[in-house]
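Numbering (this note's numbering), first residue to last: 110 to 1006.
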C-alpha cells in the first residue's frame, strides 16, 4: 500500500472517531425529541449514556434510547463509509503521476542490499543491485563511467569478473586489491610490445574427443565466418577449410595448436595452398610404393648380379639367369623410403631401370609415423582441394582476411597458450582484464568476440549451484560493449544466461551503438530485446538530443491543474477555467542540464530514482582499500589529519604498477624457437637449476597433473614416473625424427640389428662385441634452440676404450686402439685371440698410474684422445631443492589431462 493511501486511511479513522462522538451526542437529542421534550440546553455528549445506564432494564425506555441512537447513526456512518470507499479508490490522473522514488520505495526495491552490483549512491548509502539480473549504463564518453561504476565494482565485487579494460586503468588500479583477497588476476594484452601479458589461445578449448571437437570447431568458425554478409558462400567454404585445418593441427601433436600455425599452414609453406593441403592428405593417409623394372644389366654385370642377389634373395646362378630374362621386376611393392637406395645401387652398376610409383590408402595403421588423419579432417580438406582454381582464390582471401593479425609475432605469441581457464570463472574466484589499447580496438574485434563467445558458451553447461563447485557468479563488465561487434552467443542467450550466474554490466555511449547494423551492432530488433532484458538501467547526463528525448519519454509524465483566464474586450468582466495538463517528469532540456554529479536509475517495478554518482577517489571506502595495497596513499595534511590523495598522487601510484598484480613477460625467443622447430642438445647449464617445463620439447599431455601436497600410493607414483620417462624417450631425436638428425638410425634398422643380436649364441663373446659395436649409440637429448629442453637426462659416460678388449699384442696397442675407436669394434665373425695373463699385466703396466691424480684432473691418452673413467666421473651437483614438475605451465591445450 502506498504512503498516500495510508494517509487517507488515517484520516478516515479520525473522521470515524469524530462521527461516533456526533452519533452519541445526537442520540441524546433524539431521545428528548421522541419524548416530546425540548432538548435545547438540556443535552450534552453524556446525556444518552446517562439515560441508558438508568433505564436499560426498562423495555419501553430502552427501546426509545436504541431508536434515538440508530436514527442519527445511519446517515452519519453511511456518509463516512461512502467517503472512505471513494477516498481509497484509485483515481488515475489523466496524464499519469510520474515522480522520483523516495527512500522508502528505494528500500522496498532492495537497493540497500549488503551485496550486489554498485549502481549509485543515495545520500551516504551505496545502492547495490542484488540478484542475477543485468545492468545497463548509457553515458557519453568522459562522463565518469569508470570512476563511478567500473572501478567501484572492481573494488567491491567478491566473485569472478571479466572486464573489458580499454585503457588498462582498471587493471592498474584494482587488480592488486583483488589479488590481495584471493583472486587470480590476469591481464590479456596481445599487443604488448614488451610481452607483459597473460596468454589466451581460443583453440586450446577445443576438445580432443572426436565426438565433440567438430561441433566446437564449427562454433568457433561461425564466430569468425558468420556467413551473414553479401556472399555467404565464401564464408561457408572458408569455415569448412577452418574445420579441416584445425582438425589437422589437433591430430598432429608436434604442431602448435594455434591460430598463428593455422595461418602458416594456409599460406602453403612455399607451395600453393591447394598443393600443400593435398600433400598433407597424401603424406598422412597414403603410403607410396614402387615397382622397379630392370631393363639392362649395365656395364658392370657382375655387380648388378650381386644387387639382384640381395634384392631377390637368390643365389648367383639364379641371379645370372634372371639377367638373361631382362626386362623383369627386380623389386616389387618397395616402400618409398627404400626406392632411392635401390635406384642408387642400380645406377652405380650402370644398369638401366624404370620405376613405377603408386599411392595406396592406409587401411590399418601400422604404428609407423603419425596416425592417418580422421575422415572428418580429410573430407573437409578434400572439399577444399576439389574446388575449381578460380574459386580457390576467393576462398583463401575470405579465409585469410580475419586471420592476418596473427602474422604479427607479438600477437601470435600472446595467443599461443592459455594461462587462465575461462571454464573456471564459476568454480573459483578469478579476475580477467582484457586490456586492449583503444587504438587497437578495431584490429582486436575478432579475438575479443571469440573470447566473450567462449566465456559464455563454456559456462552455459551447468546451472549455478547445481553442483558444489559451481558456486560463484561471474560479472561480465563490458565497457565499450559494441567494440567486439555483435557477439552472437549474447544476442541469443541473454534471456537465460543470468540463471547460470553470468551477469552482464553493459556500458554503451548511446542506444544508437546497439542498433547499428550487423556485424558492428545488433540491429534495431535485437538491440531492443537486449535492452529490455536489463532490469536496471542507468542514465547519465545526455549530450545528444535524441538520447535526451528517449530518456524523457522513459521517465513518463505527470498531470497538473492549469487555470485559464479570459476577458472580453471593452468589458470589465472575465472568466476562469481549470483543466488537466500533461508535463514530462524531466523535459529533454532539463535532462541535458542535469548536474554531472547526478544520475537516474530506471528500475523495473519501481519509480525512477534520482541519485548521486560515485567517484571512487572521493570516497574513503575505496581509498582505504587502495591504501591496503599501496600504503603511500594514506596521506595526511599539515595538521596530521587524514586527507584524500590528490589526482597526481593517485596517478603516480597506479601508473607505477604499485596497485597492480604482477604480470609475466612472454619469452619471444622461446616462442620463435617453438614455431621454427629449432632444436638443440641439452647442456649442463640448462639443468643446473632444475627443469623449466615450459621449455621442455616433449609431449607431457599423458602425464598426470598432481596437486600440491597430494599423496599417492607407490604403484601410482611408479606409473607417473614411467610415463614421464616414456615421454622423454619419445622426445629423443632418434625416435622423433627431429630436424638436424640426418645420421639418426631408422626404426627398421634398429629392429634389424636387434634381430641379428638375438640370433647370436650366448657363449660367442666375440660375436656379442661385434653386435654391440654395430649397434648405434643412443642419441643425446635435444632441445629447441635457444634453450628448449628436448629431454633432460644424466649424460651417458663415454664408451670404454676398446683397446683393452681387441688388442692382440702389447706391442701393437696404440694401433689397435685407433682401429677400435674408428671402426667401432671388430667385424662379426673375426677371431680375436684372448690375452694371456702376462700380456694383460704388461698392457696395464703401460697405462698411466692415476693414484696420484685428483678426481678432477684431466688425463690425456698418448694419442691425444680424452678418456674418462666411469667410476671417477664426478657426479653433477645436486640443486639446493628439487625442481617441482608443475605441469600446469605447459604450453598445451588446457583441457588435456
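For every residue, glycine included, the Cβ atom is placed at its ideal position computed from N, Cα and C.
One or two residues paired with residue i in a DSSP bridge
{"i": "residue 465", "result": "400"}
{"i": "residue 231", "result": "234"}
{"i": "residue 450", "result": "In DSSP, residue 450 forms no bridge with anything."}
{"i": "residue 613", "result": "585"}
{"i": "residue 674", "result": "685"}
{"i": "residue 712", "result": "645"}
{"i": "residue 718", "result": "710"}
{"i": "residue 667", "result": "206 and 692"}
{"i": "residue 296", "result": "542"}
{"i": "residue 395", "result": "470"}
{"i": "residue 751", "result": "745"}
{"i": "residue 440", "result": "401"}
{"i": "residue 305", "result": "774"}
Spatial neighbours of residue i in its chain, beta-carbon cut-off 6 Å, leaving aside the 5 residues before and after
{"i": "residue 542", "result": "272, 274, 280 and 296"}
{"i": "residue 284", "result": "294, 769 and 770"}
{"i": "residue 994", "result": "Note that residue 994 scores 35 on pLDDT, short of 50, meaning its location in the model is unreliable; the coordinates nonetheless yield the value given after this. No residues qualify anywhere along the chain."}
{"i": "residue 489", "result": "349, 352 and 353"}
{"i": "residue 118", "result": "none"}
{"i": "residue 507", "result": "343 and 347"}
{"i": "residue 156", "result": "137"}
{"i": "residue 305", "result": "772 and 774"}
Rounded Cβ spacing between residue i and residue j (contact assumed at less than 8 Å)
{"i": "residue 592", "j": "residue 557", "result": "7 Å"}
{"i": "residue 164", "j": "residue 174", "result": "7 Å"}
{"i": "residue 483", "j": "residue 319", "result": "7 Å"}
{"i": "residue 421", "j": "residue 428", "result": "7 Å"}
{"i": "residue 664", "j": "residue 697", "result": "At roughly 10 Å, the Cβ-Cβ gap does not stay under 8 Å, so residue 664 and residue 697 are not in contact."}
{"i": "residue 347", "j": "residue 215", "result": "Actually they do not touch by this definition, with Cβ atoms about 53 Å apart."}
{"i": "residue 652", "j": "residue 630", "result": "The pair is not a contact, with the Cβ atoms about 19 Å apart (cut-off 8 Å)."}
{"i": "residue 425", "j": "residue 414", "result": "6 Å"}
{"i": "residue 621", "j": "residue 335", "result": "Contact doesn't hold; Cβ gap of about 22 Å is too wide."}
{"i": "residue 494", "j": "residue 387", "result": "5 Å"}
Sub-8 Å separation of residue i and residue j beta-carbons
{"i": "residue 578", "j": "residue 536", "result": "yes"}
{"i": "residue 643", "j": "residue 615", "result": "yes"}
{"i": "residue 647", "j": "residue 355", "result": "no"}
{"i": "residue 128", "j": "residue 185", "result": "yes"}
{"i": "residue 735", "j": "residue 286", "result": "yes"}
{"i": "residue 486", "j": "residue 302", "result": "no"}
{"i": "residue 555", "j": "residue 800", "result": "no"}
{"i": "residue 160", "j": "residue 151", "result": "no"}
{"i": "residue 468", "j": "residue 397", "result": "yes"}
{"i": "residue 759", "j": "residue 729", "result": "no"}
{"i": "residue 330", "j": "residue 407", "result": "no"}
{"i": "residue 584", "j": "residue 612", "result": "yes"}
{"i": "residue 366", "j": "residue 372", "result": "no"}
{"i": "residue 203", "j": "residue 650", "result": "no"}
{"i": "residue 254", "j": "residue 721", "result": "no"}
{"i": "residue 523", "j": "residue 308", "result": "yes"}
{"i": "residue 610", "j": "residue 582", "result": "yes"}
{"i": "residue 441", "j": "residue 409", "result": "no"}
{"i": "residue 562", "j": "residue 514", "result": "no"}
{"i": "residue 586", "j": "residue 645", "result": "no"}
Cut-off 8 Å between Cβ atoms - residues of its own chain near residue i, not counting five sequence neighbours on either side
{"i": "residue 895", "result": "Here residue 895 scores only 40 on pLDDT, less than 50, and its place in the model should not be relied on; the value that follows carries that caveat. Around residue 895: 778, 779, 782, 787 and 789."}
{"i": "residue 192", "result": "121 and 124"}
{"i": "residue 143", "result": "173, 176 and 177"}
{"i": "residue 690", "result": "204, 668, 669, 670 and 671"}
Residues near residue i by beta carbon distance below 7 Å, same chain, minus five either side
{"i": "residue 181", "result": "132, 135, 136 and 139"}
{"i": "residue 731", "result": "261, 264 and 725"}
{"i": "residue 292", "result": "538, 539 and 540"}
{"i": "residue 115", "result": "none"}
{"i": "residue 695", "result": "661 and 664"}
- Message: I'd like the ranges of any alpha helix (DSSP H) spanning at least 4 consecutive residues and lying wholly in the region 766–795.
- Response: For secondary structure counted as the alpha helix (DSSP H) over 4 or more consecutive residues, the region 766–795 holds these complete runs in sequence order: 777–784.
- In the region 220–283, which residue ranges form an unbroken beta strand (DSSP E) of at least 3 residues, counting only runs that do not cross its ends? List check, beta strand (DSSP E) in window: 226–231, 234–238, 244–247 and 269–273.
- Please specify which runs of the alpha helix (DSSP H), each continuous and at least 4 residues long, are wholly inside the region 112–199, giving them in chain order. Restricted to the region 112–199, the alpha helix (DSSP H) segments that are unbroken, complete and at least 4 residues in length are 112–143, 156–164 and 168–197, listed in chain order.
- May I have a chain-ordered list of the alpha helix (DSSP H) segments no shorter than 4 residues that lie completely inside the region 525–588? Complete alpha helix (DSSP H) runs here, min 4: 554–567.
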